[in-house]
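Let me begin by presenting the structure, written as structure tokens, before commenting on it.
There are 2 protein chains.
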Amino acid sequence: MKILVCQINPTVGALDHNATQIVQGIANGKNKGADLVLFPELCLTGYPPEDFLLLPHFLQMVEEKTHFIATKTEGIAAIVGLPRKNPQARGKPLFNSAAIFSDGKLIGYQDKTLLPTYDVFDERRYFEPALERNIFSIQGFQIAVTICEDIWQPAGLLGPIYIENPLVDYRKKKIDLSVNLSASPYSLLKIEKRIHVAKKAATYLKTPLILCNQVGGNDSLIFDGYSLFCNEKGVLTQLAQGFKEDYLFIDTAKPAQNFSFKTNEIKDLHEALILGIYDYFHKLDFKKAIIGLSGGIDSAVVACLAVEALGKENVLGVAMPSRYSSKGSVLDAKILANNLKIDLKEISIEGPFQSFLELMHPHFNEKKTDVTEENLQARIRAIILMALSNKHGYIVLSCGNKSELAMGYSTLYGDLSGGLAVLSDLTKYNVYRLAHYINQEKELIPKNILIKPPSAELRPNQKDSDSLPDYKIVDQVLEDYVIKHRSPKEIAMDHKYPLELVLDLVRRIHQNEYKRRQAPPSLRVSEKAFSVGRRFPIVQRWI
Amino acid sequence: MKILVCQINPTVGALDHNATQIVQGIANGKNKGADLVLFPELCLTGYPPEDFLLLPHFLQMVEEKTHFIATKTEGIAAIVGLPRKNPQARGKPLFNSAAIFSDGKLIGYQDKTLLPTYDVFDERRYFEPALERNIFSIQGFQIAVTICEDIWQPAGLLGPIYIENPLVDYRKKKIDLSVNLSASPYSLLKIEKRIHVAKKAATYLKTPLILCNQVGGNDSLIFDGYSLFCNEKGVLTQLAQGFKEDYLFIDTAKPAQNFSFKTNEIKDLHEALILGIYDYFHKLDFKKAIIGLSGGIDSAVVACLAVEALGKENVLGVAMPSRYSSKGSVLDAKILANNLKIDLKEISIEGPFQSFLELMHPHFNEKKTDVTEENLQARIRAIILMALSNKHGYIVLSCGNKSELAMGYSTLYGDLSGGLAVLSDLTKYNVYRLAHYINQEKELIPKNILIKPPSAELRPNQKDSDSLPDYKIVDQVLEDYVIKHRSPKEIAMDHKYPLELVLDLVRRIHQNEYKRRQAPPSLRVSEKAFSVGRRFPIVQRWI
């Protein structure tokens, strides 16, 4: 059997556009002589469609597009991820489904059994689990159709969170091929897990397995693609590209060899962020980004990523020195802009800063200079960037990293402003790793930026280390507390940190929830981002 | 049987504090001669506990507190809402449960069957539904214990979203009394629905029913209390107070009469917002609020509510006139502050505004004055309020209403700043209704504020109606599109609006998702707030 795996990049809600992409994929399959074309999970709506799934007129249009797609499958078969109405009288009104088309007709649906409702996933909000699991016969091939999570049990990575394992049913039946439609989002090294899952499922079912994954950025989620083919022995034999649309042609009759693949964690992270920026801008019909260049590492990395994603002509850097800025900072920003060949404006914040200090002086009641004056500077910079954004149609890229966001080491309505927070799911350590990767072939980021100690330069001779412990400790607590849900006591014991220090960091994480609630949308790259998939209250007294 | 219904106000995560409240309620019951004391759903953790439920060390502490509470029930029985571990090897690791204590021992659990996973509820993220429904014998009384949603099916208000109806089981059994532990949040007129639900459940089960509800504000959600007792004929016989802690003493042996209750929609709304503000501040250990008084209706209403919630000595008004402010506006703000007996600062934004205009002029490329200059003014005001907040420890109250938020008629990092958005789930119409209610006994809000046409005063002679259709139409589209999920076509036909107008408004609602994503947390008072319970992507191409 010949199969074309269409790893497409749908846009959420764009039913016309997505249906057109699907129809083009089908035509592409016909041209290439394929018997079957595959598409990702919920690709007609784009994943995640969120509350569009609650709008009856949206669902009506989904049905119309489903019938339209059917008419385009004459002489070929296609399996397309889309929502469908639950025909039962009770339960959630939808299934997360795969529509199976053959020769111009919709021949059936296979609904998803395991509906992830954790982290960034809310599938039980909308869907009822599958009531039955069928085998579909296409060109004499007996095919088991599963959707994403359905094949994740044999690998043992999920924990025992589901009562059912849909593969148990399939294992009892005669199957020639199993296909899995996915919308499995990227996080660091996720592809290794996903390959492992596919191999385990293929060996469990003793059948070749094709996984067709979505690619592209939708809000905070980045889908990495990497669609794949595994044989019945669990050997990976074909792999689509990561982070771009790709079409994988599979001929099950041809003997396949082991596909040798080695993950490059930081290369993938780099591509993920570029794709995330690109899709955020282009799916919103924006082209141009503006970035405050402080001379620090975060804004330097964001500028490099933005240039890759949007082109140097579409990126504007703005250096906004204050009375506390070192000369080195502005110089470093200039060298960076020069290396990247982007425009750089220099706008001193001294005028408005002085004006605010004078205006507010009578209202500060002779209180000492404190964080108020620091925040003032950060907010004046945000006003300048937003004014340029409003006047000229730029999206402001926010540059804070995850370690700062955890600690609240950022100013609400100041550096915590922007349309997209590019690095807010990267630890400080990962920002450095990414910077070194960017500089691998050519020194784009001036060396001085890489070696100087981090500073917000909001008061004389300020260093991040004045008010924060070593970023290594912050990052470790992020990994252990935020991602792994370990207790402060366990963290302190394991790493031989003072318990009070760990408790202080965990307390800061919770106390700064109020800032993160108003932070710009981020690009998720870790297993647990602050922006999506982590839900803690602002008002709480646990810690 | 004598029962004390403890309508308490727990704080999320505050296990020590909440356990103490529970133990005090039990002691209170003993003093009053009760046989049984009841507490709300998940009151040990506070509702909603969100991702605290994912932390093993949090759950460990829940278990310890559960055993501690048991020791305090000697000579009495108590039913307490709390999470418990799922003892099965598979499925979500927790149940949303009611622990039944009697005479110093934990005698059993009744788990919740219907787990709401829609709107503001995410219960399937954490919980597995009950596997069985048991009857508990307390003092010879056969008692059915249900949790919130479990009794909502007979009233027919949920739609057919669940496959099971747990009351079917109970109806077959001999029951003397049914008790329901709830954490049912307030929205306009919700109490009427909840009473209807209780009556229907009582008549369905042919047994008296006690509903014990949580009270208090936790982040955006306000719980209204109003715990109640219905007899087996569905007659409401006792009702606890709304919007405050209350203890309802029920003696099932005493003949009960119809309790006559009439909802006052706006009085309840007023109390809800005051409770929401009070709890937000006090549970965060804050006392003082600062409000930008524009001379408009929204900030006037917020000031009145803040004074009720926090006391006049804890509220600071700031008038921040610009070159475009009318004299009337500052005067109206002064009269309002005078009426409320709150301090008022007047800080002109002219200095920083002029400073920014000069600074930015060379970078605006001779482009015409537009929304940029309007946003500048709003952002300067936010900087002033935030500087006072930082220096003196105020929380900034944000004043925008839901109609503005829908249309994006607000400035990100400008008037859309603050720790709490008090009115952001009230339509403009409801803001006016509330203002008239506030003025009922005494004119607190100057009449001029009530009668002048709404204006942001960010350019000469500006009126909201310059760029927005009549608020009546905006509010109708909010009701029909955002709450009822009706299509633009249906809305246009029903109300005889031009379709293009409705489409334009719906488009604006979606296009301004990016602003709302960074808006301050709100107080939810409608069936569908923008801030919680409504999930739409920023990047989308549906409309």
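Chains A and B are the protein sequences, given in the same order. Residue 342 in the numbering used here sits at position 342 of the first sequence, with consecutive numbering throughout. Residue 1240 in the numbering used here sits at position 240 of the second sequence, with consecutive numbering throughout. Just so you know, even glycine gets a beta-carbon here, dropped at the ideal spot from N, CA and C. Everything numeric in this text was worked out from a predicted model, so none of it was measured.
For B/N1180 and B/N1028, what's the separation of their Cα atoms in angstroms? 20 Å
Candidates A/N231, A/N86 and A/F364: which alpha carbon is nearest B/M1386's? A/F364
From the DSSP output, which residues share a beta bridge with B/E1346? B/A1319
Using the beta-carbon of each residue, which ones in chain B are nearer than 7 Å to A/D150? Neighbours of A/D150 on chain B: none; closest Cβ ~16 Å, over 7 Å.
Less than 8 Å between CB atoms is the rule here; does A/M360 satisfy it with respect to chain B? yes
So A/G410 is in the beta strand (DSSP E); what residue range does that whole segment cover? Strictly speaking, residue 410 of chain A in this sequence is Ser, with Gly absent from that position. A/S410 -> no beta strand (DSSP E), and no H or E assigned at all.
Closer than 7 Å, Cβ to Cβ, to anything on chain A: give me those residues from the stretch 1307 to 1318 of chain B, in chain order. none
Give every residue of the same chain whose Cβ lies closer than 8 Å to the Cβ of A/Y432, excluding the five residues on either side of it in the sequence, and list them in chain order. I297 and L450
Counted within 10 angstroms of its Cβ, other Cβ atoms place B/I1163 as buried (16 or more) or exposed: exposed
From this set, B/V1080, B/Y1118 and B/E1064, which residue's C-alpha is nearest B/D1111's C-alpha? B/V1080
According to DSSP, simplified to helix, strand and coil, what is B/R1541? coil
Please decide whether A/P520 counts as near chain B, where near means a Cβ-Cβ distance under 8 Å. yes
Report the residue ranges of all alpha helix (DSSP H) runs contained in full by the stretch 1172 to 1257 of chain B; include only those spanning at least 4 residues, in chain order. 1190 to 1205
Cβ neighbour criterion (16 or more within 10 Å) applied to A/A554: Chain A is shown only over 1 to 543; residue 554 of chain A falls outside these bounds and no answer can be derived.
What did DSSP end up calling A/F58 once you bin it into helix, strand or coil? helix
Whether A/T369 touches B/N1390 by CB criterion (8 Å): no
Below 6 Å CB to CB, which residues in the same chain sit around A/Y429 once its five sequence neighbours on both sides are set aside? D475
Would you mind reading off the limits of the beta strand (DSSP E) that contains A/F95? L94 to S102
If I follow the unbroken beta strand (DSSP E) through A/K30, where does it start and stop? No beta strand (DSSP E) contains A/K30, which is instead part of the alpha helix (DSSP H) from L15 to N31.
Taking CB distances under 8 Å as the criterion, tell me whether A/Y394 reaches chain B. no
Cross-chain neighbours of B/Y1047 in chain A, by beta carbon under 9 Å: Result: empty, since nearest Cβ-Cβ is about 10 Å, beyond 9 Å.
Given that a residue counts as buried once 16 or more other Cβ atoms are within 10 Å of its Cβ, and exposed if not, what is A/G276? buried
My assumption, with CB atoms under 8 Å, is that A/N213 sits in contact with A/S182. Please give the rounded CB distance. 4 Å
State the DSSP-derived secondary structure class of A/Y126, mapped to helix, strand or coil. coil
Can at least three beta-carbon pairs, one atom from the stretch 282 to 298 of chain A and one from the stretch 393 to 406 of chain A, be found at a separation below 8 Å? yes
Return the CA-CA distance between A/K345 and A/L316, expressed in angstroms with no decimal places. 8 Å
Contacts that A/M386 makes with chain B (C-beta to C-beta distance below 8 Å): N1375, R1379, L1412 and Y1413
Assuming contact is defined by CB atoms lying nearer than 8 Å, are A/N218 and B/V1502 in contact in what I supplied? no
For A/F356 and A/F95, I'd like the C-alpha separation in whole angstroms. 57 Å
Completely contained beta strand (DSSP E) runs for the stretch 118 to 163 of chain A, where each covers 3 or more residues: 135 to 138 and 141 to 147
Does B/F1101 come within less than 8 Å of chain A when only Cβ atoms are used? no
Assuming B/P1166 and B/D1150 make a contact with CB atoms under 8 Å, what is their CB distance in whole Å? 5 Å
Is A/F121 near A/I69, with beta carbons less than 8 Å apart? no
At a Cβ threshold of 8 Å, is A/P352 touching chain B? yes
Own chain, CB closer than 8 Å to B/S1322, minus 5 neighbours either side, in chain order: S1348, I1349, E1350, F1353, Q1377, E1457 and L1458
Specify, as a first and last residue, the run of the alpha helix (DSSP H) that A/G328 falls within. K327 to L340
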